[in-house]
């Protein structure tokens, strides 16, 4: 699951947890709506699949629900909810299709319009589940912001990367699974050193011009790579990326707090961030080891298990114990404090 928050246009400043809680309470929705948001967060926390979105912007408004805010994604005109629902690990994997529908309905009914997925999530099943829900619910397509990511599509050499061939074919396959005519944002889900930057930018421009996507963005790209894409786009009159999707939590802050604000001011690139709980580490559930059915216990997540059991992981657990005391004093959970 993906949860997001918004940073100001001018800078991403560290604020005290108490200040954040006070500001939330000042403009909080009704108890019923707030309770629903807590339910979403609780389910997400149990699944270890939370992410955050920072969308620098100069304006915001509450459109669908009291308490839900919307901002422009970067300096584009695309309006997205400050909270978004993602599908990594969960949709098509750890949870049933029925639970996925319940989560997505709860999110949509409370003003969330941003839903994120990728061709690689559950080997394409996440996109299928997301598309089936959209079709079943009959929501207006114009009321949704659907994003997907392209890089890993299959095992063949031509089925991955950011070549013109895979971007076009990969996005076509994603649209078929989603049962949609277009996505709002297509992300390059890693930099590709084997493909010239001009080819990637031209391919992204092509899928936008063909109506397969409205915008494109980057994910896990360095500031230098984003600047190169922007320069290529300006040099050849192509379309530049509008945002970077980056990891952001209390143990990983520099890129979002230092690097991306500078890019926003220079070229208008916004930020959509993920993993506010550091793949569940910040939830505190790994304090006593690796629980059964947690993400770190899953096949293919040995890297996360190794990270948790490392010396750095033990230092992080020690820090979390100190933060737990702060959370208790503020009357919130550790995940709420982290977000």
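In the working numbering, the protein residues as written are 525 to 863.
Glycine included, every Cβ here is placed at the ideal spot set by N, Cα and C.
- Beta-bridge annotation (DSSP): residue 856 is not paired with any residue.
- Within the region 659 to 696, the runs of beta strand (DSSP E) that reach at least 3 residues and sit entirely inside it are, in chain order, 669 to 674.
- Cβ contact annotation for residue 711 (same chain, cutoff 6 Å, sequence separation greater than five): 673, 741, 743, 769, in chain order.
- By the Cβ test, the region 752 to 763 is in contact with the region 715 to 730, since at least three Cβ pairs between them sit closer than 8 Å.
- A direct Cα-to-Cα measurement between residue 833 and residue 813 gives close to 8 Å.
- Our two residues, residue 721 and residue 668, have alpha carbons roughly 30 Å apart in a direct line.
- The region 732 to 741 and the region 699 to 709 touch, with no fewer than 3 CB-CB distances between them shorter than 8 Å.
- Counting only residues of its own chain and dropping the five nearest sequence neighbours on each side, residue 655 has a CB closer than 7 Å to the CB of 701, 702, 703, 704.
- Residues 604, 605, 667, 668, 669 of the same chain have their beta carbon placed closer than 7 Å to that of residue 637, with the five preceding and five following residues left out of the count.
- Residue state for residue 714 is assigned as coil, using DSSP reduced to three classes.
- With respect to the 8 Å criterion, residue 784 and residue 795 are classified as neighbours on the basis of their beta carbons.
- Here residue 822 carries a coil assignment [DSSP, helix/strand/coil].
- DSSP places residue 797 inside the beta strand (DSSP E), whose first and last residues are 794 to 798.
- In the same chain as residue 749, and ignoring 5 residues on each side of it, the C-beta atoms closer than 6 Å to its own belong to 715, in chain order.
- The residues 646, in chain order, have a CB closer than 6 Å to that of residue 617 in the same chain once the five nearest residues on each side in sequence are set aside.
- Nearest to residue 772 by C-alpha distance, out of 600, 862, 826, 687, is 862.
- Apart from the 5 residues on each side of it in sequence, residue 779 sits with its Cβ closer than 6 Å to the Cβ of 770 in its chain, given in chain order.
- Taking C-alpha positions only, residue 640 is separated from residue 612 by approximately 9 Å.
- Comparing C-alpha distances from residue 624 to each of 799, 653, 599 shows the shortest one belongs to 653.
- In the DSSP assignment, residue 628 falls within the alpha helix (DSSP H) that extends over 621 to 633.
- The distance from the Cβ of residue 844 to that of residue 854 is about 15 Å, inconsistent with a contact at the 8 Å cut-off.
- Residue environment for residue 713: buried (at least 16 other C-beta atoms within 10 angstroms of its C-beta).
- According to the DSSP secondary-structure assignment, residue 740 is paired through a beta bridge with 710.
- Here residue 676 has 644, 684 as same chain residues with Cβ atoms under 6 Å from its own Cβ, once five neighbours each way along the sequence are excluded.
- Residue range 603 to 605 is occupied by the beta strand (DSSP E) that includes residue 604.
- The straight-line gap separating the alpha-carbon atoms of residue 593 and residue 600 is approximately 17 Å.
- When only Cα atoms are considered, residue 842 and residue 781 end up about 24 Å apart.
- Between residue 767 and residue 620, the alpha-carbon positions lie close to 31 Å from each other.
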